[in-house]
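Take a look at the structure below.
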Amino acid sequence: MPRTIHLTLDINGKAHPLDVEPRVTLLDALREHLDLTGTKKGCDQGQCGACTCHVDGERVLSCLTLAAQVEGRQVTTIEGIAGDDGTLHAVQKAFLEHDAFQCGYCTPGQIMSAVACIREGHAGSDAEIREYMSGNLCRCGAYNSIVAAVRDAATTIAAGQKAEAA
Amino acid sequence: MRDFSYTRATTIEDARQAALQAGSAILAGGTTLLDLAKCGVNEPDELIDISHIRGLDGISVGESEASIGALAKMSAVADHPLILKVYPAVAQSLSLAASQQLRNMATIGGNLLQRTRCPYFRDPATFSACNKREPGSGCSALGGVTRNHAVLGTSESCIATYPGDLAVALVAFDAVVDLGSRSVPVEEFFLEPGDRPERETVIAPGEVIIGISIPASAAARNSTYLKVRDRQSYEFAAASVAVGLELEADGRIVKDVRIALGGVATKPWRARAVEQALVGKALTEEVILSAARLSMEGAVAHGGNHYKIELAPRVVARALRTLGGLA
């Protein structure tokens, strides 16, 4: 009998009870146990960034995070960044406008990484975007459009924050 | 990944006790432990998660030294305004390592305990011989593809390169690892492989890293970390160097200089011969080039990594030119 542990995970603002073996990663918990399949499994080895999620607002790799480690923390996945009414996040809109993908498999990870990259203040120039998005690989090579989308979304978000402050 | 049991430690004392058990392993950020577990290199029976212990992630920068808690994240230290100002090479060594996702996960204590590893070590399914994994089984790298293997500090048992960046900067500035009951200079914390490559640090069962401290110095304040690699980002060093430089009041003569190398040695490598050749001299192109060449004293190539013996002195020289205003 495999030993299972009982966890309650806070994902996209909702509590999810879960019984899993201790070795189950956050990525597998999301995809195989909670039907949140937006987060993608690429390398499953911490090298490609397809599985990027946010834990307490910071981007991490869910393939190298145990589900057990994030109990008591707030997890956000690609399913949780649009508005409650379905309004897309500024980064999602920018990816559509700039056609920042081809096959789309790396896109959820790219978008989660980009949302955090902008929030961290690491999207100030194309060079900075390239450096701070380097943990997300795109086998189709949509990099130029991804950089354009992140730059555009950063500008939109900054303008929104300025309007809000005024 | 083989199954294991999972325990969440609430105090360091819990963690120390649990870590005394054979087959147990401490889990912090998990970026190297879980990676190696997936490769089948690590097969722990029990993981002790210390990432929920409070109060171990502090970063404080005082007059005489900086103290960084073991659970501080790489990204937090890399972006800390006072670390950037007082220890720029330390901040740069972190921001040039891994990716932002990994830096958000990986802790400073875990960074120091990442395995010294090579592709043969990481692939037990294909390469059964690895003295580091299985003492006495041989070395698959010798005679294999060695482009990124070490040229300094190697032995007949192992030529894996120490892969980290942070410890290279720490060694340059005489940082110390706090293990609670004892403190060890980072330079002595790491071991050369010799005939026991499975042992990479002096940490003993039941010991847990509490934090590190870095003495303040004028050299640390005027420092840089230069990392040359095959890809511009998210890649290990082909050769890297942490350099700190203090000039005499005349602005010409070297008063203090610290140099440590990464990407070329089996442990973070302090280049004292280079330092000694520079102290008391004015920094000229000739002085820099002849001193930098001393960084490769005793280097041994293993086929594909011969280029490192040419590359590393050039990396040292370039960093010295930058800091000395000759670039």
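Residue numbers (my numbering), protein chains in the order written: chain A, 1 to 166; chain B, 1001 to 1327. Glycine residues also receive a C-beta, built at the ideal position from the N, C-alpha and C atoms.
task = List the residues of chain B that A:R31 touches, going by C-beta distances under 9 Å, in chain order.
result = Correct list: empty, because the minimum Cβ distance to chain B is about 16 Å.
query = What number of angstroms, rounded off, separates the C-alpha of B:H1306 from the C-alpha of B:R1147?
reply = 8 Å
Whole-number beta carbon distance between B:P1163 and B:R1117, since they are thought to touch under 8 Å = 6 Å
inquiry  = Among the candidates B:E1192, B:E1134 and B:S1157, whose CA atom is the shortest distance from the CA of B:G1143?
reply    = B:S1157
query = At least one CB of chain B closer than 8 Å to the CB of A:I5: is that the case?
reply = yes
query = Mapping DSSP to helix, strand and coil, what is A:T107?
reply = helix
Through-space distance from B:V1061 to B:L1096, alpha-carbon basis = 21 Å
query = With distances taken from CA atoms, which of B:P1119, B:N1111 and B:D1178 is nearest B:A1150?
reply = B:P1119
task = Can you give me the Cβ contacts of B:N1042 inside the same chain, cut-off strictly under 8 Å, excluding the 5 residues immediately before and after it?
result = A1025, L1033 and L1036
message = DSSP has A:H54 in a bridge; who is on the other side?
response = A:R59 and A:T76
ask   = If you draw a straight line from the alpha carbon of A:E71 to that of B:A1076, how long is it in whole angstroms?
value = 22 Å
message = Can you tell me where the beta strand (DSSP E) holding B:S1183 begins and where it ends?
response = S1183 to P1185
message = Comparing C-alpha positions only, which one of A:C103, A:C53 and A:A90 sits nearest to B:N1104?
response = A:C53
message = Report the CB separation of A:A123 from A:A154 in whole angstroms; it is logged as a contact under 8 Å.
response = 4 Å
ask   = Excluding the five sequence neighbours on either side, which residues of its own chain have a C-beta within less than 8 Å of the C-beta of B:P1124, listed in chain order?
value = C1039, G1040, V1041, C1130 and R1133
key: Rounded separation between B:I1108 and B:H1080 - CA only   = 14 Å
message = Relative to the C-alpha of A:G38, which candidate in A:N12, A:S145 and A:T156 has its C-alpha closest?
response = A:N12
query = Which residues mark the beginning and the end of the alpha helix (DSSP H) in which B:V1274 is found?
reply = R1272 to L1278
Boundaries (first-last residue) of the alpha helix (DSSP H) holding B:D1256 = Segment V1254 to G1262 is the beta strand (DSSP E) holding B:D1256; no alpha helix (DSSP H) there.
ask   = When Cβ atoms are compared, which residues of the stretch 50–68 of chain A fall closer than 7 Å to chain B?
value = T52, E58, R59, V60, L61, L64, T65, L66 and A68
ask   = How is B:S1223 classed by DSSP in three states: helix, strand or coil?
value = strand
B:L1082 to A:R119 span [Cα, whole Å] = 21 Å
message = Quick check on B:L1326: buried or exposed, where buried means 16 or more other Cβ atoms within 10 Å of its Cβ?
response = exposed
query = Can you tell which of B:G1180, B:P1313 and B:G1262 has its C-alpha closest to the C-alpha of B:L1170?
reply = B:G1262
query = A:R73 and A:V55: beta carbons closer than 8 Å?
reply = yes
key: Integer Cβ distance of A:E58 from B:S1233, believed to fall under 8 Å   = Not quite, the Cβ-Cβ distance comes to about 19 Å (not below 8 Å), so this is no contact.
request  = Classify B:K1386 as buried or exposed, calling it buried when 16 or more other Cβ atoms lie within 10 Å of its own Cβ.
outcome  = This structure cannot speak to residue 1386 of chain B, because chain B is shown only from 1001 to 1327.
ask   = Which first and last residues belong to the beta strand (DSSP E) in which B:D1014 is found?
value = Premise fails: B:D1014 lies in the alpha helix (DSSP H), I1012 to A1019, not in any beta strand (DSSP E).
message = Are the CB atoms of B:G1244 and B:R1229 within a distance shorter than 8 Å?
response = no
request  = Answer with yes or no whether the minimum CB distance from B:N1104 to chain A is below 8 Å.
outcome  = yes
ask   = CA-CA distance, A:V20 and A:G46?
value = 21 Å
request  = Closer than 8 Å by C-beta to B:A1089: which residues in its own chain qualify, once you throw out the five before and the five after it? Chain order, please.
outcome  = A1169, A1172, F1173, A1220, S1223, T1224, Y1225, A1242, V1243 and G1244
ask   = Who are the neighbours of A:G46 on chain B, taking C-beta pairs under 7 Å?
value = T1031, D1035 and L1102
ask   = For the stretch 1212–1234 of chain B, which residues have a beta carbon sitting closer than 7 Å to at least one beta carbon of chain A?
value = S1233 and Y1234
inquiry  = If I follow the unbroken beta strand (DSSP E) through A:S145, where does it start and stop?
reply    = Looking at the DSSP string, A:S145 is not in any beta strand (DSSP E); the run it does join, the alpha helix (DSSP H), is Y143 to A165.
query = Would a check of beta-carbon distances place A:M1 closer than 8 Å to chain B?
reply = Bear in mind that the predicted position of A:M1 carries a pLDDT of just 43, short of 50, making it unreliable; the figure below should be weighed with that in mind. No, no contact with chain B.
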